[in-house]
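Take a look at the structure below.
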Amino acid sequence: MSGAWKIILLGAVMAILGLFALGLDNDPRNIPSPLVNRPASDFTAPALHGGPPVQLSALRGKWVLVNFWGSWCVSCVAEHPYLVELAKKVKNRPDFVMIGVDFRDTPEAARDFLARHGNPGYPHAMDPEQKIAIDWGVYGAPESYLVDPNGTIRMKHTGPLFPGWFEARALPLMEGGKKP
Amino acid sequence: MKLPATCLLAALLLALPVGAATRDEDPSEAMVRQIAKDLRCAVCQNQSVYESNSDLAKDMLRVIRDKVREGQSEGVIRDYFHQRYGDYIYLEPTTGGMNRLLWLGPFVGLLAGGWALLAAMRKWRAKPPQTPGEAPPSAPDAAMQERIRRELEQVRM
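Listed in order, the protein sequences are those of chains G and B.
At position 128 of the first sequence (counting the first as 1) the number is 160 in the numbering used here, and the numbers step up by one without a gap.
At position 3 of the second sequence (counting the first as 1) the number is 1079 in the numbering used here, and the numbers step up by one without a gap.
The following block contains the structure:
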C-alpha cells in the first residue's frame, strides 16, 4: 500500500516538473490566435500610396501575407530588410502576394518610414483607428498572418519575421495545401 | 438638539453623490463601460480596456462604442472580442471548456484530501484494539536486572 502511494506521489511530482519544463521555452507574450483556421475578415481600406483601395478579398486564389506594421514600431525597423528581400524573392510567384496594414499611423510618417528603410513595393492599407487590426486580433506590431487561397487564416506570426521565414514556415503550408 | 441634527442630516443628504457619475451619461455609455470593464487591455498588465490609457485600449473602446450604437447586444460584442483574442481577453476567466478543469480541480482535490484524511483517521483509531503491537512492557528478568544494576554502577564511577 505505502509502496504504491510512493510511486503515485513520485509520478505526480514528475508530471508537474515535466509540465514546468515544457513551459520554460514558451514566450508568455506569444498567445495563440483563435483566428487560425478561421476565415479571414475582409477589409477594404485606402492605399498608402494612393490609387485603388486595398481589398483583401480581391486577392482570393493566392496566398496572402498580411503584415501589420506602423512607422512608430521599433521591431518593424528590424523586420523591414527581410520584407524587402522577401518581396523581391516572391515577385514572380503567381501564388503568393504580400500586403501591409499600416495601423495607428499617419500617411506622412508611413511614407517617410518607407523612404528611409526601403520600399518593398507591395500595397499598404491605411488603418489609422486600428479597426482592421482589432478585427484581426492584433496586439502590437509587427504581426503577420498567412491567408490561404480560400481566404482562411492559416498561420499567425507574432513579432518580426525572421530571415528564411518563407522557406521555413510558409512554403511547407503552401505545398501541403496543394497535395489533397 | 433636534434642529441641529435635522440640519446635519439634511446637509449630509444634499452632499450624497447619488447618481453623480451617471446623471449626464448617455445610457448607452453605461453599457460601453460595463463591456469594457470586463475586457482585458491586451497590451497592459491586468488593466481593463476601460481603465487603460493605451492606444489599443482606446481604439477598442471606440469599437465597443460603435457596436453599442449599432444596437448590438452585450453578448454579441463580448463574443466579437473573444473570437479574435481568445480567452485571454476576459479579465475574469470563463468557466467553460478546458477551464472547467481549473475551476473544479481544487474542489476535487479538497474532496480527495478530505476523504484520504478521514480514511487515515479511521485507521489510526481502529489500530489499538485490532493489533496488539508490541507487548506491554514487562518487568525485566533477574539476569537483565543484574546487568542494569552493574552498568548503572559503572556510570556512577
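Don't be surprised by glycine CBs; every beta carbon is placed ideally from N, CA and C.
If you draw a straight line from the alpha carbon of residue i to that of residue j, how long is it in whole angstroms?
i: Asp74 (chain G); j: Arg1138 (chain B); result: 20 Å
i: Ala1215 (chain B); j: Met46 (chain G); result: 51 Å
i: Val109 (chain G); j: Asn62 (chain G); result: 20 Å
i: Pro64 (chain G); j: Pro1182 (chain B); result: 26 Å
i: Pro139 (chain G); j: Phe1157 (chain B); result: 28 Å
i: Pro152 (chain G); j: Tyr114 (chain G); result: 9 Å
i: Tyr1161 (chain B); j: Glu161 (chain G); result: 18 Å
i: Glu111 (chain G); j: Ile48 (chain G); result: 37 Å
i: Glu1229 (chain B); j: Trp1200 (chain B); result: 42 Å
i: Val106 (chain G); j: Leu1085 (chain B); result: 59 Å
i: Ala36 (chain G); j: Ala1196 (chain B); result: 16 Å
i: Ser89 (chain G); j: Ile166 (chain G); result: 18 Å
i: Ile1237 (chain B); j: Lys163 (chain G); result: Missing from the structure shown is residue 1237 (chain B); chain B here goes from 1077 to 1233 and no further.
i: Pro192 (chain G); j: Phe145 (chain G); result: 16 Å
i: Pro155 (chain G); j: Gly208 (chain G); result: 27 Å
i: Gly43 (chain G); j: Ser1124 (chain B); result: 40 Å
i: Glu1105 (chain B); j: Asp1142 (chain B); result: 11 Å
i: Asp57 (chain G); j: Leu51 (chain G); result: 11 Å
i: Ser34 (chain G); j: Ala53 (chain G); result: 28 Å
i: Leu205 (chain G); j: Glu199 (chain G); result: 10 Å
i: Gln1221 (chain B); j: Glu1227 (chain B); result: 10 Å
i: Glu117 (chain G); j: Asp1155 (chain B); result: 39 Å
i: Leu91 (chain G); j: Pro85 (chain G); result: 13 Å
i: Cys1117 (chain B); j: Arg1109 (chain B); result: 13 Å
i: Arg1232 (chain B); j: Arg1225 (chain B); result: 11 Å
i: Pro212 (chain G); j: Ala1192 (chain B); result: Its pLDDT being 44, under 50, Pro212 (chain G) is placed unreliably in this model, and the coordinates cannot settle the point.
i: Thr190 (chain G); j: Asp1102 (chain B); result: 38 Å
Counting only beta-carbon atoms, is residue i nearer than 9 Å to chain G?
i: Met1197 (chain B); result: no
i: Tyr1166 (chain B); result: no
i: Met1136 (chain B); result: yes
i: Leu1177 (chain B); result: no
i: Asp1155 (chain B); result: no
i: Tyr1152 (chain B); result: Looking at the sequence shown, residue 1152 (chain B) is not Tyr but Val. Chain G contact via Cβ: absent.
i: Gln1148 (chain B); result: no
i: Glu1127 (chain B); result: no
i: Asp1131 (chain B); result: yes
i: Arg1160 (chain B); result: yes
i: Ala1188 (chain B); result: no
i: Ala1118 (chain B); result: yes
i: Val1184 (chain B); result: no
i: Val1108 (chain B); result: no
i: Val1139 (chain B); result: yes
By DSSP, does residue i sit in helix, in strand, or in coil?
i: Lys188 (chain G); result: strand
i: Trp197 (chain G); result: helix
i: Arg148 (chain G); result: helix
i: Glu1229 (chain B); result: helix
i: Gln87 (chain G); result: strand
i: Ile131 (chain G); result: strand
i: Ala1118 (chain B); result: coil
i: Asn1175 (chain B); result: helix
i: Thr1082 (chain B); result: helix
i: Trp1191 (chain B); result: helix
i: Trp168 (chain G); result: coil
i: Tyr177 (chain G); result: strand
i: Val1125 (chain B); result: coil
i: Ala1087 (chain B); result: helix
Is there at least one Cβ from chain B nearer than 9 Å to residue i's Cβ?
i: Trp168 (chain G); result: yes
i: Tyr177 (chain G); result: no
i: Leu80 (chain G); result: no
i: Pro139 (chain G); result: no
i: Ser107 (chain G); result: no
i: Lys163 (chain G); result: yes
i: Ile63 (chain G); result: yes
i: Leu42 (chain G); result: no
i: Arg136 (chain G); result: yes
i: Arg92 (chain G); result: no
i: Arg70 (chain G); result: yes
i: Pro66 (chain G); result: yes
i: Gly55 (chain G); result: no
i: Ser191 (chain G); result: The question names Ser, but residue 191 (chain G) is Gly in the sequence shown. Chain B contact via Cβ: absent.
i: Ile48 (chain G); result: no
i: Tyr171 (chain G); result: yes
For the ligand ATP, I want to know if residue i counts as a neighbour, meaning its beta carbon is within less than 8 Å of at least one of the ligand's heavy atoms.
i: Met1197 (chain B); result: For the structure depicted, the ligand ATP is absent and the ligand set is empty, with no information on it obtainable.
Can you tell me the Cβ-Cβ gap for residue i and residue j, rounded? I've got them flagged as a contact below 8 Å.
i: Gly102 (chain G); j: Arg136 (chain G); result: 6 Å
i: Trp197 (chain G); j: Leu67 (chain G); result: Not a contact, Cβ separation roughly 19 Å.
i: Val1144 (chain B); j: Tyr171 (chain G); result: 23 Å between Cβ atoms; not a contact.
i: Asp1163 (chain B); j: Thr1170 (chain B); result: 6 Å
i: Phe213 (chain G); j: Val129 (chain G); result: Because residue 213 (chain G) is not part of the residues shown, which for chain G are 33 to 212, the question remains open.
The region 116-124 of chain G touching the region 66-80 of chain G, judged by at least three CB pairs closer than 8 Å: no
Touch test, the region 184-191 of chain G against the region 1124-1141 of chain B, Cβ-Cβ under 8 Å, three pairs minimum: no
Segment contact flag, the region 166-178 of chain G with the region 83-100 of chain G, C-beta cutoff 8 Å, min 3 pairs: yes
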